[in-house]
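Engineer:
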């Protein structure tokens, strides 16, 4: 995240800007790459098992990002021309043959009712305002929904909140930027180290420590580090914004119960299934829903 840049970009604007910038360089599995390998594998297996049971289905993926879920669908045998992805951000996953719509709001989908056999989302639908977005995916799905959604009490969201707080502390009064530009090469390291004793998650701090070491090496080698410092600060700002957006979008138990009730009212049989890591730690929540009455939405209109 904080590697030496070829050019510096600033990241300002709404959430679509920060996610557009993120997906330009993030790996396809950027949403799950930081999870324990066993958890990431379990999530991938869940997707592939679901897709293997509906190989002729048409599919809509909400919040496509790097295209991880669409890649699982292709690997499971679904034809590329049966797959559609949408994202509010400007994304361009390298998956040939699928239809991609960018700049779209999942809370106002431009599709007719019953347009897709299955609608899926991996950490996407909640960012659009989950109530409105859930109504939309229930409307356009003909048969089923499978949604992996951030839970407010999950380790992912807890660590995201902590990293956002760490970033804001380092950015306050330009403390990190000032330390990085100081002649004392250890100044930034001391700023980062001061946050470690109270930190539950050191991932962001470790990356920043590596980045500050790169700046020190550049300075020692006679190379001007200004562009690298600007890049570090821009990336830190963007990371804090993404982590804050994730925490704000996450649902709590009451919201998941409400979501299930809304789907049941729209004619779906619904199951809420926690995705857990070793030690029973909560990672996220699956919402699995199958349409009972394909005309339920019409009857409620």
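Residue numbers (my numbering): 7 to 307.
Where is the CB? At the ideal position from N, CA and C, for every residue including glycine.
Is there contact here, the stretch 244-253 with the stretch 145-155, by at least three beta-carbon pairs under 8 Å?
Structural biologist: With fewer than three CB-CB distances shorter than 8 Å, the stretch 244-253 does not count as touching the stretch 145-155.
Engineer: In chain order, what residues of the same chain have a beta carbon less than 7 Å from the beta carbon of residue 53, not counting five sequence neighbours either side?
Structural biologist: 75, 78
Engineer: Just curious, the beta strand (DSSP E) that residue 2 is in, first and last residue?
Structural biologist: An answer regarding residue 2 cannot be provided, because it is not within the stretch 7 to 307 covered by the chain.
Engineer: Mark residue 5 as exposed unless 16 or more other C-beta atoms lie within 10 angstroms of its C-beta, in which case mark it buried.
Structural biologist: A question about residue 5 goes unanswered here, because the residues of the chain that appear run from 7 up to 307.
Engineer: Taking all protein chains shown into account, decide if residue 83 is buried (16 or more other Cβ within 10 angstroms of its Cβ) or exposed.
Structural biologist: exposed
Engineer: Could you tell me which whole beta strand (DSSP E) segments of length 3 or greater appear in the stretch 40-90?
Structural biologist: Given a length threshold of 3 residues, each whole run of the beta strand (DSSP E) inside the stretch 40-90 is given here in chain order: 65-68.
Engineer: Taking its Cβ as the centre, do 16 or more other Cβ atoms sit within 10 Å of residue 198, making it buried, or is it exposed?
Structural biologist: Residue 198 comes out buried.
Engineer: In the DSSP assignment, the beta strand (DSSP E) including residue 313 goes from what residue to what residue?
Structural biologist: Since the first and last residues shown for the chain are 7 and 307, residue 313 lies out of range.
Engineer: Restricting to Cα atoms, I'd like to know which of 256, 282, 202, 141 is closest to residue 269.
Structural biologist: 141
Engineer: Whose C-beta lies closer than 6 Å to the C-beta of residue 45 among residues of the same chain, with five residues either side of it excluded?
Structural biologist: 283, 289
Engineer: Which stretch, first to last residue, makes up the beta strand (DSSP E) that contains residue 282?
Structural biologist: The continuous beta strand (DSSP E) containing residue 282 extends over residues 274-282.
Engineer: Residues in the same chain with beta-carbon distance under 8 Å from residue 286, minus the five sequence neighbours each way, listed in chain order, please.
Structural biologist: If you ignore the 5 residues before and after residue 286, its C-beta comes within less than 8 Å of no other C-beta in its own chain.
Engineer: With the cut-off set at 8 Å, would you say residue 66 and residue 125 are in Cβ contact?
Structural biologist: Yes, they are a contact pair.
Engineer: Give the list of continuous beta strand (DSSP E) stretches no shorter than 3 residues that lie fully inside the stretch 96-123.
Structural biologist: 105-108
Engineer: Label residue 93 either buried or exposed according to how many other C-beta atoms from any shown protein chain fall within 10 Å of its C-beta, with 16 as the threshold for buried.
Structural biologist: buried
Engineer: At the level of alpha carbons, what is the spacing between residue 295 and residue 276?
Structural biologist: 4 Å
Engineer: Do you know whose CA, among 143, 232, 123, 60, lies nearest residue 112's CA?
Structural biologist: When each option's Cα is compared against that of residue 112, the closest is 143.
Engineer: Tell me which residue opens and which closes the alpha helix (DSSP H) that residue 196 is part of.
Structural biologist: 193-199
Engineer: Can you tell me whether residue 159 is buried or exposed, with buried defined as 16 or more other CB within 10 angstroms of its CB?
Structural biologist: With fewer than 16 Cβ atoms within 10 Å of its Cβ, residue 159 is classed as exposed.
Engineer: Please determine if the stretch 94-102 and the stretch 22-34 are in contact, where contact requires at least 3 C-beta pairs separated by less than 8 Å.
Structural biologist: At 8 Å Cβ cutoff, the stretches touch.
Engineer: Output yes or no for whether 8 Å exceeds the beta carbon distance between residue 34 and residue 69.
Structural biologist: no
Engineer: Do the stretch 174-193 and the stretch 213-231 touch if we need at least three Cβ pairs shorter than 8 Å?
Structural biologist: yes
Engineer: Taking the Cβ atom as the reference point for each residue, do residue 273 and residue 298 lie within a distance shorter than 8 Å?
Structural biologist: yes
Engineer: Near residue 139, what residues of its chain come up, given a Cβ to Cβ distance below 6 Å and the 5 sequence neighbours on each side ignored?
Structural biologist: Answer for residue 139: 112, 113, 131, listed in chain order.
Engineer: The alpha helix (DSSP H) spanning residue 187 covers which residue range?
Structural biologist: 181-187
Engineer: How should residue 43 be labelled, buried or exposed, when 16 other C-beta atoms within 10 angstroms of its C-beta is the threshold for buried?
Structural biologist: exposed
Engineer: For residue 291, count neighbouring C-beta atoms within 10 Å of its own C-beta (all shown protein chains included) and say buried if the count is 16 or more, exposed if not.
Structural biologist: Of the other Cβ atoms in all chains shown, 16 or more fall within 10 Å of the Cβ of residue 291; this residue is therefore buried.
Engineer: If you check the beta carbons only, do residue 51 and residue 88 fall under 8 Å apart?
Structural biologist: Going by C-beta atoms, residue 51 is not nearer than 8 Å to residue 88.
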